[in-house]
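*Asks:* Counting in the working numbering, the sequence shown runs from 12 upward without gaps.
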Amino acid sequence: MERITRADDRVHRPAGPWTPTVHRLLEHAHGQGFVGVPEPISLGDTLETVSFVPGTAGDYPWNQDIASEAALVTTARMLRHYHDAAQDYPRSDADVWSQAERAPVETIVHGDFAPYNCVYDGIAAVGIIDFDTAHPGPRVWDVASAVYRFAPFTTGLVEGGSASLEHRLGRAAEFCRAYGLDARSRSVLVETMVSSLVALVTTIETEAAAGDPKFVSDLRHGHVELYRADVAFIEEHADAIAAAVA
Ligand SMILES: Nc1ncnc2c1ncn2[C@@H]1O[C@H](COP(=O)(O)OP(=O)(O)O)[C@@H](O)[C@H]1O
Ligand SMILES: [Mg+2]
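#1: If I follow the unbroken alpha helix (DSSP H) through Ser196, where does it start and stop?
#2: For ligand 2, is there any heavy atom lying closer than 8 Å to the beta carbon of Tyr131?
#3: Using only alpha-carbon positions, find the residue among Arg197, Val235, Ala189, Val116 that is nearest to Ala251.
#4: For Ala155, which of His178, Gly167, Asp141, Val120 has the nearest alpha-carbon?
#5: Look up Glu59 in the DSSP assignment and say whether it is helix, strand or coil.
#6: Just to confirm my understanding: we take Asp153, look at its own chain, exclude 5 residues before and 5 after, and list those with CB closer than 8 Å. What are they?
#7: Sorry if obvious, but does the Cβ on Asp153 come closer than 8 Å to a heavy atom of ligand 2?
#8: Would you mind stating whether Pro147 and Val116 have Cβ atoms separated by less than 9 Å?
#9: So, with DSSP's three-state summary, where would you put Ile139?
#10: Note down the Cα distance separating Phe186 from Phe164, rounded to an integer number of angstroms.
#11: Hey, His39 and Pro101: beta-carbon distance below 9 Å or not?
#12: Helix, strand or coil: which one does DSSP assign to Asp76?
#13: For ligand 2, enumerate in chain order all residues having a CB closer than 7 Å to any of its heavy atoms.
#14: According to DSSP, simplified to helix, strand and coil, what is Leu208?
#15: Under the DSSP definition of a beta bridge, which residues are partnered with Tyr131?
#16: Using a threshold of 9 Å, state whether the C-beta atoms of Ala219 and Leu230 are closer than that.
#17: Arg21 bridges to which residues according to DSSP?
#18: Report the rounded CA-to-CA distance for Phe244 versus Ser103, giving the unit in angstroms.
#19: Using a Cβ-based criterion (distance less than 8 Å to any ligand heavy atom), does Pro49 qualify as near ligand 4?
#20: Exposed or buried, what is Leu200 when buried is set at 16 or more other beta-carbons lying within 10 Å of its beta-carbon?
#21: Using only the heavy atoms of ligand 1, determine whether one of them is closer than 8 Å to the beta carbon of Arg195.
#22: How long is the line joining the alpha carbons of Pro51 and Leu37, rounded to whole angstroms?
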């Protein structure tokens, strides 16, 4: 059976110890008027049911709309609105997150903010899905992940992966501008990109060793090697990236 199934306007996904907390977060976002996230419908022992967010997920290969500058800008604005909506999430002792809290806590970050977890209506970013890795943390955690994926600063054979460095630097700067990222966050963006890739490698290796099929598949598909190569790429161009987003 597929891990994730859709029936009409509902999506059934595996649930974890963090799912009740994620449902409270999603309810909170809706209550704040941020409706571009799934609405929690029910929670069983092993499965959660949430609403389907209408649109097209930004899975690879990207279509022309998702590769556009307009999609980059609307994605950045959407992330800003989500972070603003999540920043007054009423935290409680009952909260369980899948990831450790990261300082400075400014909001509840998504934790895997990437095109494949965004939903588009043409060039307009309209939704964010897959909140399993959400946790309290700094806004730049998600912005760094977004810049890595959308510039993109990868050696992988994805869209934009063959674009000139100059073009990618321009997209990184445009994302930060459209988000309205503050100076402190900009100053740590490159190191945060590296930390988040290193964290991803650790997660894949740990969870694959524990038998999680999603991460076993990531490992088999060479994701760890790719992320390590990308860390080297980002470190090689660290000064140029830092200057572009300053
Ligand atoms: N609530 C949702 N609304 C719209 N599409 C969804 C939703 N949940 C999942 N999907 C689709 O299923 C794919 C995988 O789901 P996702 O929640 O991202 O899980 P994972 O990345 O862990 O496989 C997404 O890329 C998207 O295409
Ligand atoms: Mg996903």
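Where a beta carbon is used, it is the ideal one built from N, C-alpha and C, also for glycine.
*Replies:* In short:
#1: 194-198
#2: no
#3: Arg197
#4: Val120
#5: strand
#6: Leu90, His94, Val120, His121, Gly122, Phe124
#7: no
#8: yes
#9: strand
#10: 13 Å
#11: yes
#12: helix
#13: Asp123, Tyr127, Asn128, Ile140, Asp141
#14: helix
#15: Thr67, Ala136
#16: yes
#17: Ala18, Ser62
#18: 40 Å
#19: Only ligand 1 and ligand 2 can be found as ligands here, which leaves ligand 4 out of the picture.
#20: buried
#21: no
#22: 7 Å
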